[in-house]
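Single-structure report; data block below.
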Amino acid sequence: MNSYNIPSLLQLQTGIIDLEDRKQKETCLHRYTRNDDVDKGKLSITDWEIENECGICMEINTKVVLPNCSHSLCLKCFRN
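Count the sequence shown with this note's numbering and you get residues 7 to 86, in order.
Structure representation (structure tokens):
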């Protein structure tokens with residue numbers, strides 16, 4: 007017949023739960039750290055596309071910024 011000490015079993019259960027909590031916290035920290043890179047000035051692909059698309063034809067081209075009004079558009083739209 008095996009006898010177990012109840013306080014030892016409770017400590018074991020608590021240790022397992024603590025380990026799982028630490029793993030979940032590390033996973034969340036890793037995920038949110040990657041998202042913080044966007045906040046630090048690194049643009050996501052979507053943000054980069056929006057930043058580099060022409061405001062008229064919506065194509066991703068080299069933009070021209072007009073000095074008087076600061077509007078930006080591609081060379082093709084600027085020439086038209």
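Even glycine gets a Cβ: it sits at the ideal position worked out from N, Cα and C.
Check: Within 8 Å, strictly: CB atoms of N67 and C75; Outcome: no
Check: C-alpha gap between D42 and N86, whole angstroms; Outcome: Caution is warranted here: a pLDDT of 48 is assigned to D42, below 50, making its placement in the model unreliable, and the coordinate value is therefore given only provisionally. Going from the Cα of D42 to the Cα of N86 covers about 40 Å.
Check: Counterpart residues of E26 in DSSP-defined beta bridges; Outcome: In DSSP, E26 forms no bridge with anything.
Check: Host alpha helix (DSSP H) of I51 (start-end); Outcome: I51 to N58
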